[in-house]
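Visitor: Mind looking over this structure? Questions follow.
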Amino acid sequence: MVRPPARQIDKRPAGSPAIYGALLAVALLFGVGIDHTGLGRQLDDNVYDFFFRHYQPKPWTTTSILLTIDSTTLDQYGTTGARKALAKGLDLIRDAHPSAVAVDIILAGPSTDDDPLEAAFAATHNLVLPCQLNGEKWEDPIPRFKRYAARVGQVHIEPVGDAVARYIELYKVTGDHSQADQRWSLALEAYRVSRGVDIVESPNDLQVGDVIIPANKEPSGYRMRIRYVPTSMAPIPRVSIADLATDPSKARLFAGKVVFAGVSDQTAARDRWMTPLSDGTPMAGIEMNANVYETIANRLFLTDAPPEAWLLAALFMVVAAGLIWRFTGGMTAPILSAALLALAHLFPYWLFIRGAVFPYVPAVLPAWLAMITAASWQYFYVRRRLGHSEAEKTRYQQAIHFVTHEMRTPLTAIQGSSELINRYPAMPEAKRKQINDLIVSESHRLGRMIEVFLNVERLSAGDMQLKHDDFPLPTLVESCVARARPLAERKQITVSVGALPTEEIRGDRELMEYAFYNLLTNAIKYSPSETQVRVFGSREHGRLRVSVEDQGIGMDQKEVRRIFEKFYRTRRAEQSGEAGTGIGLSIVEQIVTQHGGSIDVVSSPGKGSCFTLVLPVTKVQV
Ligand code: ADP
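Using our numbering, the first residue of the sequence shown is number 5, and each one after it goes up by one.
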């Protein structure tokens with residue numbers, strides 16, 4: 005049995021807020037979650053590089069200089085002559101008194117050219133020598149060199165993912181943490197030695213003299229973003245050892261500077277990486293170390309925003325998008341959305357130029373996703389409502405048309421008959437009586453029609469009092485069947501009445517008759533000729549059931565769910581050629597519910613329908 009739910013189109017809920025909220029939450033999760041994928045991180049990094057290239061910070065004065073072993077130097081000294089070349093370079097700059105010299109050539113084993121280099125190291129003030137991790141061990145300079153080093157610093161710069169070096173770990177430890185051997189980076193050691201200060205560690209920063217590096221202490225080190233010297237500035241000066249040998253006066257450039265000495269030749273340098281500013285040529289490790297030094301020396305730190313900050317920002321974007329589309333209409337929603345999206349796109353850059361790095365994807369993607377979700381939700385929802393009200397309007401117009409047409413029939417009969425009497429005063433008495441009877445019956449019909457429409461309107465407005473008559477069900481059925489018989493006979497339809505319970509019902513007899521008569525006439529209207537309409541009843545669980553069963557056109561389940569809507573007619577009913585308004589059943593449903601009852605419908609297309617009124621019993625007939 006299909007019990008159609010009570011429907012009222014105009015009281016449809018304004019879109020479920022729970023579903024709307026859930027969709028926005030999915031947008032938020034997806035927008036934020038993508039940052040935990042390789043794709044999200046890669047996009048963040050690419051945008052970071054883009055910002056880096058486009059933002060030209062205020063120029064600063066560099067205090068480092070590169071002493072390079074370039075291809076000309078290597079030509080002169082041979083590929084194995086790097087140590088000899090370095091010894092020569094250090095000798096040449098000594099008199100300029102650089103403030104520190106950091107060497108980026110691994111000196112872990114002996115070679116045949118070590119004597120001059122040892123002598124050069126011995127005479128170099130504030131010397132920082134390199135070390136690197138080899139498996140679980142530090143490869144330090146051989147002791148004859150190491151004893152001249154003020155400090156030993158590690159040279160690792162290892163980009164993750166896409167071979168672009170954006171960070172440096174300011175310390176590294178050997179993998180064996182039981183005897184953790186921690187080494188600071190070469191550039192940090194060069195800074196410390198040149199300034200003669202100490203390094204003080206704390207969980208959220210690293211202090212070197214009066215410089216505080218904002219970075220969290222993590223097992224892998226203090227991660228610091230490298231601020232490369234921008235393209236708008238003069239690059240960090242560099243002098244090759246070959247050049248210096250040709251023109252020793254260039255040594256003055258090294259006066260008071262922190263020197264980074266190492267191999268710059270593209271083919272010979274081992275550690276070369278791309279930077280956010282690279283245009284396809286990687287940067288040698290020695291220059292990267294100089295950039296790390298410049299970042300610290302000039303306090304040009306770029307700090308990553310904490311995850312709570314960007315989660316909060318994403319949440320704000322999603323909530324704002326949701327509210328905009330929920331509570332504004334017309335052009336306001338798209339305008340506010342565009343403003344919000346512009347904000348989402350611009351504020352990471354605004355923060356970047358203030359030294360804070362905000363991941364781009366979680367800033368922008370949740371805003372876009374929420375906007376698209378909210379806009380589509382509202383669009384489809386509004387469209388659906390519009391569709392419903394349009395359909396209702398057309399049905400309503402058709403109904404009005406039908407109603408006026410129906411009412412005009414008795415009215416025309418009344419008008420015509422009255423005119424006849426006026427025009428022929430000497431009309432025979434029998435004829436006059438016949439016309440009078442017609443006028444009376446037609447005006448009653450009109451009156452009843454108007455009465456029913458008015459009653460229904462009042463019923464739906466809730467301001468009608470039902471009458472409380474007690475009447476037996478069989479009498480109601482009999483009078484309706486008698487009225488409907490002529491209709492049935494015209495279509496050669498047999499109406500049979502089976503056993504009916506004899507209990508009385510309490511309620512408005514006129515309205516109950518209207519309801520039952522409606523079911524009966526529908527059964528006749530929507531059945532082909534020479535079929536049967538059966539009326540039967542029963543008593544079940546203290547309720548009376550009275551059914552009207554036909555062998556007519558029937559309906560499918562989808563249609564059954566809609567027939568109680570005002571003005572709804574099935575396609576089969578429309579095609580049957582039977583006149584109808586589609587409001588009869590909505591009235592029937594209202595009448596029956598007002599009486600504390602309900603209607604069950606069982607139907608099958610082409611086979612027939614059975615409408616059952618279920619009503620409460622008031623009195624037992626004895
Ligand atoms: P109408 O004036 O169109 O008969 P109703 O509100 O009485 O209006 O019925 C609504 C629609 O329900 C009908 O148009 C028809 O499509 C369907 N319907 C009602 N009764 C029957 C029935 N006995 N058999 C098939 N369809 C029916």
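Virtual Cβ for every residue (Gly too), placed ideally from N, Cα, C.
The model shown is predicted, which means the values in this text are computed figures rather than measured ones.
Give the straight-line distance between the Cα atoms of Tyr195 and Val243, rounded to the nearest whole angstrom.
Guide: On the sequence shown, residue 195 is found 191 positions in, with the first residue counted as 1. On the sequence shown, residue 243 is found 239 positions in, with the first residue counted as 1. In a straight line, the C-alpha of Tyr195 is about 20 Å away from that of Val243.
Visitor: Looking at the unbroken beta strand (DSSP E) that takes in Arg98, where does it start and where does it end?
Guide: The residue labelled residue 98 in the question sits at position 94 within the sequence shown. Arg98 -> no beta strand (DSSP E), and no H or E assigned at all.
Visitor: Using a threshold of 8 Å, state whether the C-beta atoms of Ala558 and Ser500 are closer than that.
Guide: On the sequence shown, residue 558 is found 554 positions in, with the first residue counted as 1. On the sequence shown, residue 500 is found 496 positions in, with the first residue counted as 1. The sequence shown places Gly at residue 558, not Ala. No, Cβ-Cβ distance for Gly558 and Ser500 is not below 8 Å.
Visitor: Could you compute how far the alpha carbon of Ala294 sits from the alpha carbon of Phe264?
Guide: Taking the sequence shown and counting its residues from 1, the one referred to as residue 294 is at position 290. Taking the sequence shown and counting its residues from 1, the one referred to as residue 264 is at position 260. Between Ala294 and Phe264, the C-alpha separation is close to 6 Å.
Visitor: Spell out a yes or no on whether the region 502-509 and the region 471-487 are touching, meaning 3 or more CB-CB pairs, one atom from each, closer than 8 Å.
Guide: Yes, the region 502-509 is in contact with the region 471-487.
Visitor: DSSP on Phe571, reduced to helix/strand/coil?
Guide: Working through the sequence shown from its first residue, we reach residue 571 at position 567. If DSSP states are grouped into helix, strand and coil, Phe571 belongs with coil.
Visitor: Tell me Trp142's beta-bridge partners as DSSP assigns them.
Guide: Here residue 142 is taken as the residue at index 138 of the sequence shown, counted from 1. In the DSSP output, where bridge partners are listed per residue, Trp142 has Leu137.
Visitor: Terminal residues of the continuous beta strand (DSSP E) containing Arg538?
Guide: Numbered from its first residue, the sequence shown carries residue 538 at position 534. Here the beta strand (DSSP E) through Arg538 covers Gln536 to Glu544.
Visitor: Could you tell me how far apart the beta carbons of Ser551 and Phe540 are, in whole angstroms, since I believe they sit closer than 8 Å?
Guide: Numbered from 1 along the sequence shown, position 547 holds the residue referred to as residue 551. Numbered from 1 along the sequence shown, position 536 holds the residue referred to as residue 540. That pair is a contact at about 6 Å.
Visitor: How would you write the range of the alpha helix (DSSP H) that Gly289 sits in, first residue to last?
Guide: For the purposes of this step, residue 289 is taken as the residue at position 285 of the sequence shown. Looking at the DSSP string, the run of the alpha helix (DSSP H) that includes Gly289 is Gly289 to Ala301.
Visitor: What is the residue span of the alpha helix (DSSP H) that Asp119 lies within?
Guide: As a working mapping, residue 119 is identified with position 115 in the sequence shown. Here the alpha helix (DSSP H) through Asp119 covers Asp118 to Ala126.
Visitor: Tell me which residues share the same chain as Asp473 and place their Cβ nearer than 8 Å to its Cβ, disregarding the 5 neighbours each side in the sequence.
Guide: Position 469 of the sequence shown, counting from 1, holds the residue named residue 473. Excluding sequence neighbours, Asp473 sits near Arg510, Gly511, Asp512 and Arg513.
Visitor: Using the Cα positions of Asp99 and Thr65, report the straight-line distance between them to the nearest angstrom.
Guide: Residue numbering aside, residue 99 sits at position 95 when the sequence shown is read from its first letter. Residue numbering aside, residue 65 sits at position 61 when the sequence shown is read from its first letter. Approximately 23 Å between the Cα atoms of the pair.
Visitor: Contact between the region 292-311 and the region 219-237 is defined here as three or more beta-carbon pairs at a separation below 8 Å; is this criterion met?
Guide: Yes, they touch.
Visitor: Can you determine whether any heavy atom of the ligand ADP sits closer than 7 Å to the C-beta of Asp554, and answer yes or no?
Guide: Along the sequence shown, read from residue 1 onward, the residue named residue 554 stands at position 550. Checking every heavy atom of the ligand ADP against the Cβ of Asp554, one is found closer than 7 Å.
Visitor: Can you tell me the Cα-Cα spacing of Thr498 and Gly556, whole angstroms?
Guide: Along the sequence shown, one-based indexing puts residue 498 at 494. Along the sequence shown, one-based indexing puts residue 556 at 552. For Thr498 and Gly556, the distance between alpha carbons rounds to 13 Å.
Visitor: Which same chain residues, not among the five before or five after Val132, have their C-beta less than 8 Å away from its C-beta?
Guide: Sequence index remark: in the sequence shown, residue 132 carries index 128 (1-based). Ala104, Val105, Ala106, Val107, Ala153, Ala154, Arg155, Val156, Gly157, Leu190, Glu193, Ala194 and Val197, listed in sequence order.
Visitor: Compute the Euclidean distance between the alpha carbons of Pro609 and Ala434, then round it to the nearest angstrom.
Guide: Against the sequence shown, residue 609 aligns to sequence position 605. Against the sequence shown, residue 434 aligns to sequence position 430. If I take the Cα positions, the gap works out to 51 Å.
Visitor: May I have the straight-line CA-CA distance separating Ser542 from Leu477, to the nearest angstrom?
Guide: On the sequence shown, position 538 is the one that residue 542 refers to. On the sequence shown, position 473 is the one that residue 477 refers to. For Ser542 and Leu477, the distance between alpha carbons rounds to 11 Å.
Visitor: CA-CA distance, Pro223 and Ile172?
Guide: Position 219 of the sequence shown, counting from 1, holds the residue named residue 223. Position 168 of the sequence shown, counting from 1, holds the residue named residue 172. Using only the alpha carbons, I get a separation of about 14 Å.
Visitor: In whole angstroms, give me the CA-to-CA distance for Ser2 and Glu394.
Guide: Residue 2 lies beyond the residue range present for the chain, which begins at 5 and ends at 626; the question has no answer from this structure.
Visitor: In the structure shown, what three-state DSSP assignment does Met453 receive?
Guide: Here residue 453 refers to the residue found at position 449 of the sequence shown. Of the three classes helix, strand and coil, the one that applies to Met453 here is helix, per DSSP.
Visitor: CB-CB under 6 Å to Ile567, same chain, minus the five flanking residues each way: which ones, in chain order?
Guide: The residue you call residue 567 lines up with position 563 of the sequence shown. Same-chain partners within the cutoff: Leu589.
Visitor: Distance, Cα to Cα, Tyr428 vs Ala577?
Guide: Within the sequence shown, residue 428 is the residue found at index 424, counting from 1. Within the sequence shown, residue 577 is the residue found at index 573, counting from 1. Cα-Cα distance, rounded: 45 Å.
Visitor: Would you say the beta carbon of Asn526 is closer than 7 Å to some non-hydrogen atom of the ligand ADP?
Guide: Translated into the one-based positions of the sequence shown, residue 526 becomes position 522. Yes.
Visitor: What three-state label does DSSP hand Thr83 in the structure shown?
Guide: Taking the first residue of the sequence shown as position 1, residue 83 is located at position 79. Of the three classes helix, strand and coil, the one that applies to Thr83 here is coil, per DSSP.
Visitor: For the alpha helix (DSSP H) containing Asp247, name the first residue and the last one.
Guide: As a working note, residue 247 is residue 243 in the sequence shown. Unbroken alpha helix (DSSP H) run through Asp247: Ile245 to Thr250.
Visitor: Could you tell me whether any non-hydrogen atom of the ligand ADP is closer than 7 Å to the CB of Ala584?
Guide: On the sequence shown, residue 584 is found 580 positions in, with the first residue counted as 1. In the sequence under discussion, the amino acid at residue 584 is Gly, which differs from the Ala named in the question. Gly584 Cβ: within cutoff of the ligand ADP.
Visitor: When DSSP labels each residue in this structure, what does Ser236 get in the three-state scheme?
Guide: Here the question's residue 236 lines up with position 232 in the sequence shown. In the structure shown, Ser236 sits in coil (DSSP, three-state: anything other than H, G, I, E or B).
Visitor: Looking at the structure shown, is Trp329 part of a helix, part of a strand, or coil, going by DSSP?
Guide: As a working note, residue 329 is residue 325 in the sequence shown. The answer is helix: DSSP assigns Trp329 an H, G or I state.
Visitor: Out of curiosity, what's the CA-to-CA distance linking Phe258 and Thr72?
Guide: On the sequence shown, residue 258 is found 254 positions in, with the first residue counted as 1. On the sequence shown, residue 72 is found 68 positions in, with the first residue counted as 1. Their Cα atoms are separated by approximately 13 Å.
Visitor: Taking the alpha-carbon positions, what's the Ala238 to Tyr59 distance?
Guide: As a first step, residue 238 is located in the sequence shown; it is residue number 234 there, counting from the start. As a first step, residue 59 is located in the sequence shown; it is residue number 55 there, counting from the start. Approximately 16 Å, taken between the alpha carbons.
Visitor: Can you tell me whether Phe351 is helix, strand or coil according to DSSP?
Guide: Counting from 1 along the sequence shown, the entry for residue 351 is found at position 347. It is helical.
Visitor: Could you give the distance in angstroms between the alpha-carbon of Lys570 and the alpha-carbon of Glu396?
Guide: For the purposes of this step, residue 570 is taken as the residue at position 566 of the sequence shown. For the purposes of this step, residue 396 is taken as the residue at position 392 of the sequence shown. When rounded, the distance between both Cα atoms is 8 Å.
Visitor: Spell out the partners DSSP gives Leu90 in its beta bridges.
Guide: As a first step, residue 90 must be located in the sequence shown, where it is residue number 86. Answer by DSSP bridge pairing: none, since Leu90 is not bridged.
Visitor: By the three-class DSSP mapping on this structure, what secondary structure does Gln46 have?
Guide: Taking the sequence shown and counting its residues from 1, the one referred to as residue 46 is at position 42. Note: Gln46 maps to helix in three-state DSSP.
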